[in-house]
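If you want this note's numbering, it's the position in the sequence shown, counting the first as 1, plus 5. Glycine included, each C-beta is placed from N, C-alpha and C at the ideal position. See below for the structure under consideration.
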Amino acid sequence: MKVKVAKFGGSSLADAAQFRKVKAIMDADPQRIFLVPSAPGKRSYKDEKITDLLYKCQKLAAVGEHFEEIFDVIAERYIEIAHELELEIDIRKHLQIVWSKIKNGASADYAASRGEYLSGLLLADYIGFEFVDAATIVRFDENGKFDSEVTQMLVSEAIGGKKNVLVPGFYGAKPNGEIKVFPRGGSDISGAVIARGVHADVYENWTDVSGFLMADPRIVKDPKPIRIVTYSELRELAYMGATVLHEDSIFPVRQACIPINVRNTNMPEEPGTMIVPDTDGGSSGGRLTGIAGRKGFTVIAIAKDNMHNEIGFGFKVLEVLKNHGISFEHIPTGIDTMSVILAEKEMEGRRKQIVDELLLETGADSVELHDDLALIATVGRGMVRYVGTSAKLFSALADNNVNIRMIDQGSSEMNIIVGVENDEFDRAVCAIYEAFKD
Ligand code: ASP
6 MKVKVAKFGG SSLADAAQFR KVKAIMDADP QRIFLVPSAP GKRSYKDEKI TDLLYKCQKL
66 AAVGEHFEEI FDVIAERYIE IAHELELEID IRKHLQIVWS KIKNGASADY AASRGEYLSG
126 LLLADYIGFE FVDAATIVRF DENGKFDSEV TQMLVSEAIG GKKNVLVPGF YGAKPNGEIK
186 VFPRGGSDIS GAVIARGVHA DVYENWTDVS GFLMADPRIV KDPKPIRIVT YSELRELAYM
246 GATVLHEDSI FPVRQACIPI NVRNTNMPEE PGTMIVPDTD GGSSGGRLTG IAGRKGFTVI
306 AIAKDNMHNE IGFGFKVLEV LKNHGISFEH IPTGIDTMSV ILAEKEMEGR RKQIVDELLL
366 ETGADSVELH DDLALIATVG RGMVRYVGTS AKLFSALADN NVNIRMIDQG SSEMNIIVGV
426 ENDEFDRAVC AIYEAFKD
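Written out as structure tokens, the structure is:
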């Protein structure tokens with residue numbers, strides 16, 4: 006039997022109806038033996054997340070102001086869920102404890118963590134799982150840094166080999182018992198950490214979308230879903246702006262080679278996206294996995310006669326940038342020219358100064374800045390050592406009258422990056438998608 010850890014996000018647990026869906030999903034697969042819930046999220050566009058409300062209560066309480074009204078909203082939501090699902094648990098008693106701790110000066114981390122804690126108590130009762138407090142097995146060190154090794158040991162000792170266990174997401178504790186939370190959205194990290202600790206075969210991440218799409222749906226109409234993506238591809242796509250899981254939540258499972266399956270609680274019949282170790286992705290004959298991109302880059306164009314004979318020229322250029330704490334994206338070079346591509350905002354307030362320093366330090370003939378560049382990454386493990394991929398990409402752009410200002414192919418051959426005018430960004434993304442979508 007496989008071991009599956011299922012993490013459910015806030016929208017999957019927003020009300021009693023969503024709790025019912027979660028139960029149906031858990032019941033449908035006996036391999037789902039570990040469950041990591043978030044706090045109830047928004048029920049509608051105008052609604053507020055429980056976590057946000059808890060932070061607000063703590064903020065008011067900390068300065069001696071009334072927070073009762075907001076707390077009532079929180080309490081009502083939990084009581085309503087318990088009532089509608091006819092749960093036996095005395096949730097009012099638990100709410101009362103949280104209320105008095107906040108009243109008596111509890112920390113923001115403690116207050117925020119109660120969203121997951123209370124939701125975990127309800128859900129464990131509803132589906133008949135054992136509740137294990139994350140404070141006992143998810144460890145942060147004295148300085149508040151997540152302690153991966155100790156956590157792995159504690160998780161494996163406490164719940165490894167067990168069945169039907171629920172651990173609330175988002176928080177853990179320092180060695181002295183003080184509650185500490187992960188960054189916002191951190192239940193994803195909790196799920197990953199539990200998956201690694203129990204040596205899961207799959208980490209299921211249940212949310213409100215059916216996985217990742219091949220392109221941004223605000224640009225491309227109805228982009229196809231990505232069925233399988235490798236960890237490396239995902240990193241490339243996320244770096245270039247695709248919204249995916251929190252990087253920290255991918256790390257623990259990636260290290261342990263555990264695949265992540267992103268699924269939709271509202272459409273459980275859909276397979277979602279499988280994020281797999283690089284070796285398991287298989288090739289897909291020239292196929293594209295996804296397209297992502299960002300606008301707002303600047304090119305520093307440097308020219309110097311006979312540059313190609315000068316050892317250390319590039320070093321001097323990068324040293325100027327390093328001294329300003331500036332990070333760059335790409336360095337396409339010609340024989341006597343070198344371009345550095347970086348985010349426009351990196352240059353803010355010091356454009357002239359940097360140009361002057363570059364002229365001075367490198368003795369360049371000219372240094373010019375060209376703005377309004379957008380970068381588009383076309384990513385696919387199927388492109389590796391496949392003849393014709395770039396021809397297809399560039400023809401698609403040419404056919405759509407898109408001028409390419411820069412080209413860079415990663416050494417892995419998994420990623421071709423093109424630079425186009427900001428204004429041509431959407432057209433370029435659509436053109437690439439259309440050329441590669443099948
Ligand atoms: N409830 C927390 C938040 O809103 C953590 C999470 O949902 O993942 O950030």
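Compute the Euclidean distance between the alpha carbons of glutamate 439 and arginine 386, then round it to the nearest angstrom.
When the Cα atoms are used, glutamate 439 and arginine 386 turn out to be separated by approximately 18 Å.
The ligand ASP and threonine 278: does the residue's C-beta get closer than 7 Å to at least one heavy atom of that ligand?
Because no heavy atom of the ligand ASP lies under 7 Å away, the Cβ of threonine 278 does not count as near it: no.
Output the distance between the C-alpha atoms of glutamate 93 and lysine 9, rounded to the nearest integer angstrom.
Taking the straight line from one Cα to the other gives about 28 Å.
Please report how far the alpha carbon of leucine 59 lies from the alpha carbon of threonine 342, in whole angstroms.
Put simply, the backbone Cα of leucine 59 is about 56 Å away from that of threonine 342.
Counting along the chain, where does the beta strand (DSSP E) carrying glutamate 373 start and finish?
Here the beta strand (DSSP E) through glutamate 373 covers 371–384.
State yes or no: is the C-beta of serine 5 within less than 8 Å of the C-beta of valine 198?
No answer is possible for residue 5: it lies beyond the span of the chain, which begins at 6 and ends at 443.
Buried or exposed for aspartate 95, please, with buried defined as at least 16 other CB atoms from any protein chain shown within 10 angstroms of its CB.
Label assigned to aspartate 95: exposed.
Expressed to the nearest angstrom, what Euclidean distance is found between the alpha-carbon atoms of phenylalanine 399 and glycine 216?
If I take the Cα positions, the gap works out to 29 Å.
Which of the three DSSP states is assigned to alanine 480 in this structure?
The first residue shown for the chain is 6 and the last is 443, placing residue 480 beyond what the model contains.
What residue range is occupied by the uninterrupted beta strand (DSSP E) comprising glutamate 252?
Glutamate 252 -> not in any beta strand (DSSP E); alpha helix (DSSP H) instead, spanning 252–260.
Using 8 Å as the threshold, is the C-beta distance between glycine 424 and leucine 380 below it?
The answer is yes: Cβ separation under 8 Å.
Just to confirm, are isoleucine 263 and histidine 335 a CB contact at a threshold of 8 Å?
Not in contact: isoleucine 263 and histidine 335 (Cβ atoms no closer than 8 Å).
Element boundaries [beta strand (DSSP E), containing threonine 248]
That residue, threonine 248, is in no beta strand (DSSP E); it is neither H nor E in DSSP.
Do aspartate 193 and the ligand ASP come close, with the Cβ less than 7 Å from some heavy atom?
For aspartate 193, the shortest C-beta to heavy atom distance toward the ligand ASP is below 7 Å.
Neighbourhood of valine 225 by C-beta distance below 6 Å, restricted to the same chain and skipping five residues each side:
Taken in chain order, the residues that qualify are Cys435, Tyr438.
Three-state secondary structure (DSSP) at alanine 436?
Three-state DSSP puts alanine 436 in a helix.
Quick one: is the Cβ of phenylalanine 13 within less than 7 Å of any heavy atom of the ligand ASP?
Incorrect: phenylalanine 13 has no Cβ contact closer than 7 Å to the ligand ASP.
Among Ala140, Ser112, Asp114, whose alpha-carbon lies nearest the alpha-carbon of glycine 125?
Distances from the CA of glycine 125 to each of Ala140, Ser112, Asp114 were compared; the closest alpha carbon is that of Ala140.
Contact criterion: CB-CB distance below 8 Å. Does aspartate 34 meet it with respect to chain C?
Included in the structure is just one protein chain, with no chain C present.
Indicate whether glycine 120 and isoleucine 75 have their beta-carbon atoms separated by less than 8 Å.
Taking 8 Å as the cut-off, the beta carbon of glycine 120 is found no closer than this to the beta carbon of isoleucine 75.
Please report the distance separating the alpha-carbon of isoleucine 233 from that of valine 258.
Taking the Cα positions, isoleucine 233 is about 16 Å away from valine 258.
Do alanine 44 and the ligand ASP come close, with the Cβ less than 7 Å from some heavy atom?
Within the cutoff, so yes.
Inspect the CB distances between the stretch 396–413 and the stretch 349–359 and report whether three or more fall short of 8 Å.
With a cut-off of 8 Å, the stretch 349–359 and the stretch 396–413 do not count as touching, because too few Cβ pairs lie within range.
Are phenylalanine 136 and leucine 171 touching if we call contact CB-CB under 8 Å?
Taking 8 Å as the Cβ cut-off, phenylalanine 136 and leucine 171 qualify as a contacting pair.
With DSSP collapsed to three states, give me the class of arginine 223.
The DSSP-derived three-state label of arginine 223 is coil.
Own chain, CB closer than 7 Å to glutamine 5, minus 5 neighbours either side, in chain order
The displayed coordinates of the chain run from 6 to 443. Any statement about residue 5 would go beyond what the structure contains.
Cβ of serine 192 within 8 Å of Cβ of valine 143?
In this structure, serine 192 keeps its C-beta atom at 8 Å or more from the C-beta atom of valine 143.
With a threshold of 6 Å on Cβ separation, who are the neighbours of isoleucine 132 within its own chain once the five nearest residues in sequence on each side are excluded?
Excluding positions up to five away in sequence, the list reads Lys28, Met31.
Cβ neighbour criterion (16 or more within 10 Å) applied to proline 42
Flag for proline 42 reads buried.
Nearest by alpha-carbon distance to glutamate 252: which of Pro230, Glu274, Ile280, Pro273 is it?
Comparing Cα-Cα distances from glutamate 252 to each of Pro230, Glu274, Ile280, Pro273, the minimum goes to Ile280.
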